[in-house]
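Below is one structure; the comments refer to it alone.
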Amino acid sequence: MSKQASAPHLLDGKILGAAALDAFRKLDPRRLMRNPVIFVTEVVAALVTILWLREISTGAGAPFFSGQIALWLWFTVLFATFAEAVAEGRGKAQAASLRATRSDTHAKRYLDPINLGGLYQGVNALDLRVGDVVLVEAGDIIPSDGEIVEGVASVNESAITGESAPVIREAGGDRSAVTGGTTVLSDWIKVRVTAAPGSTFIDRMIALVEGAERQKTPNELALSILLAGMTLIFLIAVVTLWGLAGYSGTNVPVVVLVALLVTLIPTTIGGLLSAIGIAGMDRLIRFNVVATSGRSVEAAGDVDTLLLDKTGTITFGNRMATAFLPVAGVSEHDLAAAALASSLADETPEGRSIVALARVDFGAADPDFAGATPVIVRFAAQTRISGVDFPGHSIRKGAIDSILRHVGLPLEQTPPEFRKAVEMVASSGGTPLAVAGNGALLGVIHLKDIVKPSIKERFAALRAMGIRTVMVTGDNPVTAAAIASEAGVDDFLAEATPEDKLTYIRKEQIGGRLIAMCGDGTNDAPALAQADVGVAMQTGTQAAREAGNMVDLDSNPTKLIEIVEIGKQLLMTRGSLTTFSIANDVAKYFAILPALFVATYPQLGALNVMRLASPQSAILSAVIFNALIIVALIPLALKGVAYRPVGAAALLRRNLLVYGVGGLLLPFVGIKAIDIVVAALHLA
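The sequence shown begins at 503 in the numbering used here and counts up by one.
As structure tokens, this is what we get:
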């Protein structure tokens, strides 16, 4: 499982203090208009405040009662804005941590971005422009996002990923992208700047976690429309009650009517809706995933098919040596020693893995050159052979056909164990390399794509969640089938071109499925852009990161489990609290009205099951309960309803039982308890 990044505690004093101040700033009606329920509550609070001031000045009415109603209505609005401010405050704390990585960095910019062997000058990183090329040496901070155009280096990306282990970045391929704010630990690289000042990856992350670019998702907009409609319905209901009261000769004060309106409209979910969405994106950040929009977080909760690029996603991305398969008369140790000697000057990942396997697993020692200078035969694309010559020895390793040409043997005349080893490695999806010494075949090295640890178990967890996994690779079907079987995916797409990936995604989407795609290469960019949820690996190319709507800073493709869980948790939390809020309002309706109109309509006394002290006490108790319930639910809105991988029917039953029935019963208990206190203190 992916480790959750550290995050500010829910009750962090600094966050709560800043949120309390921000809650007052959010009282600006221009900002509250985006939340119709809370906006109506603020308008009502202002109206009651005006009525209270008039009662004080004229001495008419009940200013003590009106003042309490006004106070609790303002508290209701403040608690709603406070919930949003706390959620945003947690994001701002994350942003402050990210901003700390952006120091006033200096860069070594080449005067001529074409002639990279020429002069360079020291400049401020903020002065860099897209297309500039900078030299970054050991100990330097990479000044901006870019692509490595020359060199290879070990880079510390802990400022971005939180992981202390360095990574290798090199020119060419899918591991050439670097991020501003990370540090080169060894060697040097030349980086072409790809981001303008203020638009680097860290800048975008800061903007996202601070909430500056958060927009309401379609579900939020739909729910806002529903809540606005319910508010209108209850407004009509209250006006109707006012008319009935006037018709029957009952004098119902305006303060009571507007307070009744606030207790009946869905203020609970209206006050928490924004906080729920913000908290969902904040939970993603704490799992080291940055989403560019709330829409993608919600879509993740409904994903049912996941496409995974094989190289660098399911596998580590570099072929690694896993076995030495000698011919008859040659021991494994002798083959390992020959492979080691032929790979000492091979700086490719494959060459380094051969050296590591020979030394660690077989105890092979470096060859004794007897004081002579060895002749290194470096790998070339034309020969596909590398090796070494020293007194009494001539060792070569390379592609099967190249080594066979070197020793002058056709495949059918090679030793049977050699042919068997080549066939076994190829049929398992691996790559066979031949080793020869002094013109004779010594054996075969098995190179294979290494599947990431525990990934099979992770895919089983996805399957349990109803998500189908599909591996996408450019390999031939035999190799793809072998890797797919080892990784435990449900299906695979072999010899896939970027066009094939797009076609597959569009076909699935036409069938009504929501598709998530994980990838890290430039060739994955079109598919990442087309997918409903495109998760790009931080270690991937700039094109991939720009195309996706999420970036995984840990570059762990199985992180989608957490992404899906967070998406489902977001939808569940919103649905659960909406159910609770609506049930809550229905209960308050039947709890308050009998107490208000029992004097006019004695028959309503049969419905007055709570036996509230007085109509004034009923209204005040309901208003107080309405404000306090938002406070009580803020931690749940920020933390989210616990996700369990159960079916939709079971989930619906659970929500109706826990939040529906709970929302119906809690107002009766809460309002009665508050009514007892109000009556005892003679507050109404």
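Every residue gets a Cβ at the ideal spot worked out from N, C-alpha and C, and that includes glycine.
Buried or exposed by the 16-neighbour rule on C-beta atoms within 10 Å, applied to residue i
i: Gln623; result: exposed
i: Phe826; result: buried
i: Gln915; result: exposed
i: Thr975; result: buried
i: Thr981; result: buried
i: Phe541; result: buried
i: Val1111; result: exposed
i: Glu639; result: exposed
i: Glu959; result: exposed
i: Gly1162; result: buried
i: Lys1003; result: buried
i: Asn617; result: exposed
i: Ala830; result: exposed
i: Asn1128; result: buried
i: His1184; result: exposed
i: Ser845; result: buried
i: Tyr612; result: buried
i: Glu544; result: buried
Inter-residue spacing [alpha-carbon to alpha-carbon] between residue i and residue j
i: Asp444; j: Thr885; result: No answer is possible for residue 444: it lies beyond the span of the chain, which begins at 503 and ends at 1186.
i: Val832; j: Leu944; result: 6 Å
i: Ser666; j: Glu659; result: With a pLDDT of only 47 at Ser666, under 50, the local geometry of the prediction cannot be trusted, and no value is derived from it.
i: Ser591; j: Val550; result: In the sequence as displayed, the identity of residue 591 is Gly instead of Ser. Each residue's Cα considered, the two are about 31 Å apart.
i: Gly664; j: Thr684; result: For Gly664, the pLDDT reaches just 48, beneath the cut-off of 50, and the residue's location in the model is therefore unreliable, although a value from the coordinates is still provided. Those two C-alpha atoms are separated by around 11 Å.
i: Val991; j: Asp848; result: 34 Å
i: Ala761; j: Ile1126; result: 10 Å
i: Leu687; j: Ala679; result: 16 Å
i: Glu715; j: Ala1085; result: At Glu715, the pLDDT of 44 sits below 50, so the modelled position is not reliable; the number obtained from the coordinates is stated separately. Distance between the alpha carbons of Glu715 and Ala1085 is about 33 Å.
i: Thr1024; j: Val695; result: 17 Å
i: Pro615; j: Ala901; result: 38 Å
i: Met732; j: Asp1034; result: 31 Å
i: Asp642; j: Ala655; result: 11 Å
i: Leu1187; j: Leu743; result: With the chain running from 503 to 1186 in the structure shown, residue 1187 is simply not present.
i: Ala521; j: Phe584; result: 6 Å
i: Gly853; j: Ser929; result: 22 Å
i: Val1088; j: Phe1082; result: 10 Å
i: Thr850; j: Val953; result: 19 Å
i: Ala1175; j: Ala582; result: 23 Å
i: Ser646; j: Thr607; result: 9 Å
i: Ala962; j: Arg970; result: 10 Å
Rounded distance between the beta-carbons of residue j and residue i, thought under 8 Å
i: Leu1062; j: Leu786; result: Rounded, the Cβ-Cβ distance is 12 Å, inconsistent with contact.
i: Val1037; j: Asp1056; result: Their Cβ separation, rounded to whole angstroms, is 11 Å, which puts Val1037 and Asp1056 out of contact at 8 Å.
i: Leu529; j: Val579; result: 7 Å
i: Ala781; j: Ala1139; result: 6 Å
i: Gly1069; j: Glu722; result: Wrong, their Cβ atoms sit about 14 Å apart, outside the cutoff.
i: Ala989; j: Ile897; result: Going by Cβ atoms, the distance from Ala989 to Ile897 rounds to 35 Å, so no, they are not a contact pair.
i: Glu1199; j: Tyr1145; result: With the chain running from 503 to 1186 in the structure shown, residue 1199 is simply not present.
i: Arg934; j: Val927; result: First, the amino acid is wrong: residue 934 is Pro here, not Arg. Indeed they touch by this definition, with Cβ atoms about 4 Å apart.
Where the alpha helix (DSSP H) containing residue i begins and where it ends
i: Tyr1006; result: 1000-1012
i: His1184; result: Here His1184 belongs to no alpha helix (DSSP H), and DSSP marks it neither H nor E.
i: Val539; result: 538-560
i: Asp784; result: 769-788
i: Arg854; result: 851-864
i: Ala989; result: 979-989
i: Met967; result: Here Met967 belongs to no alpha helix (DSSP H), and DSSP marks it neither H nor E.
i: Met1052; result: No alpha helix (DSSP H) contains Met1052, which is instead part of the beta strand (DSSP E) from 1052-1054.
i: Ala793; result: Looking at the DSSP string, Ala793 is not in any alpha helix (DSSP H); the run it does join, the beta strand (DSSP E), is 791-793.
i: Gln1118; result: 1117-1141
i: Gln1044; result: 1044-1049
i: Asp530; result: Asp530 -> no alpha helix (DSSP H), and no H or E assigned at all.
Any non-hydrogen atom of the ligand MN within 6 Å of residue i CB
i: Ser845; result: In the structure shown, the ligand MN is absent, as is every other ligand, since no ligand is present at all.
Residue i - containing beta strand (DSSP E), residue span
i: Leu809; result: 807-811
i: Ala1038; result: 1035-1039
i: Ile878; result: 877-879
i: Ile887; result: 887-892
i: Val756; result: No beta strand (DSSP E) contains Val756, which is instead part of the alpha helix (DSSP H) from 756-766.
Bridge partner(s) assigned by DSSP for residue i
i: Met973; result: Leu810, Phe994
i: Ile691; result: Val638, Gly653
i: Lys950; result: Met822
i: Ala936; result: Gly900, Val946
i: Ile1017; result: Thr807
i: Gln623; result: Arg611
i: Asn1058; result: BP columns for Asn1058 are empty, so no partner.
i: Ile670; result: Ser656
i: His895; result: Phe892
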